[in-house]
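First the structure, in the form of structure tokens, and then the observations on it.
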Amino acid sequence: MPSPRALLILLGSCWLPAYGADAGYAAKAVDLLERPGSRAKVVTTLAKKQPVEIIGRDGSWAKTKSGNATGWVRLADLRLKITTSKPTALPPSGSSRKDTGIRGFSEEELLVGAPNQVEGERLKQLGVTTRDAAGFARAANLRPRQQDYIEMREYMPEGGFPQGFFDE
Amino acid sequence: MNKAGLGFVLICAGCGGHSGPSPRDMQAMQEAQMQQALQMMRGQMEGAQDVMAGRDTEAARAYKKQSEAMALQGRQMDEQLRKDPKYVRAQEERDREHREFLRKNPSGMETEFKLSDAEEAELGFGMAQQFLSSKHLVANAGLQRYVNSVGVWLTQQSERPNLPWRFAVIEGETPNAFAVPGGYVFITQAMVALAETESELAGILGHEISHVVRKHHLRWIYMNKDLEVSVRRAEEEIGKTSATSRQLFQEMGKVVQNSIEQMNSPEIRAGLSKSEEFEADTDGAILAWRAGYEAWGLVAVMQRFEAASRDRYGSEPALAGHPEPLQRFKILDAALRSRNERDTLGEVAAERFQAATQGVRSHSG
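Put into structure tokens, the structure is as follows:
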């Protein structure tokens, strides 16, 4: 019996980007594996900061090329290089500034000008019916499934993440 | 973690809640624990506040250490009590009630906010109009419809499917997405361009939807009210047990009240909004999964986000209240890895995404 992963790969869940490879590097010394999955055979070991090309992704696994070797590494063990083709600035996502109720934008940005009723009307015209959304989902083979949200105690080690967890 | 301090106090004070009269030893243990909690609260309030504000101080470390010791004691107490089938049954009943409660109040607050959905939508629409004074919707009906189809499909898997959900792609060269109460979600075209598959877009929209579902924006307004109600409810429960418990509880109430007053500092508010970002990340990933997508889309976007923002944050410590993208990336990865892998995989719908967003991606790319 093939594993659920194998079935999903057969269904085409692995995605190979059309635009070409992302340049990146290993966040730490890590094994390049023959297949996605921690029990797969080791192709080679990447050194910390070793440059790689990311040529595809399957869930949490990145298809990765390093020199002549190709294999799979956890997404979390790779970092992307800053590329000029992607936007380089990022606004703060939290709000140490005065909380406006709109995350990511400051009060200064919000209180410029009068409420825009024309754009407001355009906003109201957007949206689709739930029936149309269901049809849209069916067209891409999206089936609703049930799962509870993840609570913090499920992944947070007792006493918080270990010292240095976020350091790089 | 941030709310652990107060949350613990209320849970601790409220334990014995729905299970009816408790056995005497359980009550004694409860009282001992309350006594300890009270002592800790008195001595460590400063530490608790530092922890909530994300400050790494001596007091914060002492508070954490003591919290851990109490948690351990709590677990030992629980282990002992679990030998009694009556306790186990009561516990199961409480868990069931809690799940039922969360279904009705996805914000997790005791008092459902006074606003009806319609009132909340009206409030949100006003905010949206204000926001649009300086931003404009992208004039691309096909793209807008596409993003709304993904968004509305996601909302149907949420606890608030009936809000008048609207998803708007707005002009902007900076990747950003955000929501206002009532179900209005905005995403800049640069943020759409940062995604490469529909599952990744679903992760971003799922994050924003979760802020609305959990009523994060409204939470602060109602938080004090909510604490009052929880305290009153716990007080009633405690009142049924013993005079000692009652008295201990009243003293705890005073300390809590004090700390609430001190909690409106900007640092503490920032600490709380940070934990809301993490919550919206994990909820958003699960919403995408519920909708049939892989849950990893948001992680992949966050990875690009992290690279794009490395310039900005560099190696400096995170600004208060701005969870660093790297921190969010690592936490979300850890959260999803706590689930069985097959409960994280699903469709990516890359081709449909590429076709629908071509205009935006060639524009920004």
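Order-wise, the sequence lines are chains A and B.
Add 1398 to a position in the first sequence, counting from 1, and you land on the number used in the working numbering.
Add 5 to a position in the second sequence, counting from 1, and you land on the number used in the working numbering.
For every residue, glycine included, the Cβ atom is placed at its ideal position computed from N, Cα and C.
Just so you know, these numbers come straight off a predicted model, no measurement behind them.
Kindly identify the DSSP beta-bridge partner or partners of residue i.
i	result
A:Y1423	A:P1449 and A:R1477
B:T362	Paired residues: none, contrary to the question.
A:G1469	A:T1462
A:D1456	A:W1459
B:F172	B:V190
B:T287	Answer by DSSP bridge pairing: none, since B:T287 is not bridged.
B:E352	B:Y298
A:D1429	A:T1443
B:A182	B:I192
B:L142	B:I175
Between the Cα of residue i and the Cα atoms of the options, which residue gives the shortest distance?
i	options	result
B:S343	A:V1440, A:R1551 and A:N1466	A:R1551
B:S121	B:A285, B:L223 and B:M307	B:L223
A:N1539	B:L148, B:V155, B:N145 and B:L142	B:V155
B:M75	B:T179, B:P186 and B:A37	B:A37
B:T362	B:D61, B:D89 and B:R150	B:R150
A:V1441	A:G1422, A:L1430 and A:P1449	A:L1430
B:I4	B:F183, B:R165 and B:A296	What the structure shows of chain B is the stretch from 6 to 370, and residue 4 of chain B is not part of that stretch, so it cannot be assessed.
B:T202	B:Q35, B:E98, B:R366 and B:M31	B:R366
B:S280	B:V304, B:Q54, B:G59 and B:L137	B:G59
B:A198	B:G211, B:F358 and B:M34	B:F358
A:I1452	A:L1444, A:E1556, A:S1458 and A:T1462	A:T1462
A:V1526	B:A312, B:G147 and B:A123	B:G147
B:M34	B:A133, B:R80 and B:R101	B:R80
B:V185	B:E63, B:L168 and B:A313	B:L168
A:W1470	A:P1513, A:R1477 and A:R1455	A:R1455
B:E63	B:Q71, B:A123, B:G52 and B:E73	B:G52
A:Q1545	B:D89, B:N345, B:A354 and B:N153	B:N345
A:K1426	A:D1475, A:P1542, A:G1558 and A:G1533	A:D1475
A:A1513	B:G131, B:Y189, B:G302 and B:K70	The residue asked about is misnamed: residue 1513 of chain A is Pro in this sequence, not Ala. Minimum Cα distance to A:P1513 is reached at B:G131.
A:L1521	B:A123, B:F136, B:Q308 and B:E125	B:F136
B:R165	B:E299, B:D100 and B:A123	B:A123
B:G302	B:G211, B:E98 and B:F172	B:G211
B:G295	B:S247, B:W158 and B:E98	The amino acid occupying residue 295 of chain B in the given sequence is Arg; Gly does not appear at that position. Checking every option, the nearest Cα to that of B:R295 belongs to B:W158.
A:F1559	B:A239, B:K69 and B:R219	B:K69
B:E256	B:D30, B:Q44 and B:R29	B:Q44
B:R238	B:K220, B:A285 and B:F254	B:F254
A:G1465	A:R1472, A:A1421 and A:K1439	A:A1421
B:E356	B:D348, B:L206, B:P330 and B:R347	B:L206
A:D1565	B:R347, B:A354, B:R29 and B:L331	B:L331
B:S204	B:V152, B:V174 and B:A195	B:V152
Counting only Cβ pairs nearer than 7 angstroms, list the residues of chain A close to residue i.
i	result
B:S343	I1548, E1552 and Y1553
B:A354	A1538
B:N153	L1524, G1525 and V1526
B:Q149	L1524
B:A133	G1518 and L1521
B:A416	As displayed, chain B neither begins before 6 nor continues past 370, which places residue 416 of chain B out of reach and without an answer.
B:D100	Correct list: empty, because the minimum Cβ distance to chain A is about 12 angstroms.
Cβ closer than 8 angstroms: which chain B residues qualify as neighbours of residue i?
i	result
A:K1463	Simply none; closest approach about 17 angstroms.
A:T1576	Any property of residue 1576 of chain A remains undetermined from this structure, which presents chain A solely from 1399 to 1566.
A:Q1448	Those within 8 angstroms of A:Q1448 in chain B number zero; the least Cβ separation is about 16 angstroms.
On the criterion of 16 or more Cβ atoms from any shown chain inside 10 Å, does residue i qualify as buried, or is it exposed?
i	result
B:L350	buried
A:G1502	Caution is warranted here: a pLDDT of 46 is assigned to A:G1502, below 50, making its placement in the model unreliable, and the coordinate value is therefore given only provisionally. It is buried - the Cβ of A:G1502 has at least 16 other Cβ atoms within 10 Å.
B:F283	buried
B:A360	exposed
A:L1488	The pLDDT assigned to A:L1488 is 39, lower than 50, so where the model puts this residue is not dependable; a value taken from the coordinates is nonetheless given after this. Buried, since its Cβ has 16 or more Cβ neighbours within 10 Å.
B:P180	buried
B:T160	buried
B:V143	buried
A:A1460	buried
B:G177	buried
B:D338	buried
B:S139	exposed
A:A1537	exposed
B:S250	buried
Can you pull the chain A residues whose beta carbon is under 9 angstroms from the beta carbon of residue i, in chain order?
i	result
B:A200	Here the premise fails: no neighbours, minimum Cβ distance about 11 angstroms.
B:F130	G1518, L1521 and K1522
B:K88	Within 9 angstroms Cβ-Cβ: nothing; B:K88 doesn't reach chain A, min ~23 angstroms.
Residue i versus chain B: which residues are under 7 angstroms apart at the beta carbon?
i	result
A:A1512	S138
A:P1542	Q162, R295, A296 and G297
A:Q1545	I291, W294, R295 and D348
A:A1531	S154, V157, W158 and Q161
A:A1427	Those do not exist, as A:A1427 stays about 17 angstroms from chain B at its closest Cβ, beyond 7 angstroms.
Measuring only from the beta carbon, is residue i closer than 7 angstroms to any heavy atom that is part of the ligand NAP?
i	result
B:S121	No copy of the ligand NAP appears in this structure; indeed no ligand is present at all.
List the residues of chain B that residue i touches, going by C-beta distances under 9 angstroms, in chain order.
i	result
A:E1556	E73, A76 and L77
- Message: Any C-beta of chain B within less than 9 angstroms: which residues of the segment 1466 to 1480 of chain A qualify?
- Response: Within the segment 1466 to 1480 of chain A, the residues whose Cβ lies closer than 9 angstroms to some Cβ of chain B are R1472, L1473, A1474, L1476, R1477, L1478, K1479 and I1480, listed in chain order.
- Using a Cβ cut-off of 9 angstroms, which residues of the segment 1429 to 1443 of chain A contact any Cβ in chain B, in chain order? For the segment 1429 to 1443 of chain A, which is checked against every Cβ of chain B, the residues closer than 9 angstroms are G1435.
- Task: Check distances from the C-beta atoms of the segment 302 to 318 of chain B to those of chain A and list, in chain order, the residues that come in under 9 angstroms.
- Result: Answer set for the segment 302 to 318 of chain B: V304, A305, Q308, R309, F310, E311, A312, A313, S314, R315, D316, R317 and Y318.
- Determine which residues of the segment 48 to 75 of chain B have a Cβ less than 9 angstroms from any Cβ of chain A, and write them out in chain order. For the segment 48 to 75 of chain B, which is checked against every Cβ of chain A, the residues closer than 9 angstroms are K69, K70, S72 and E73.
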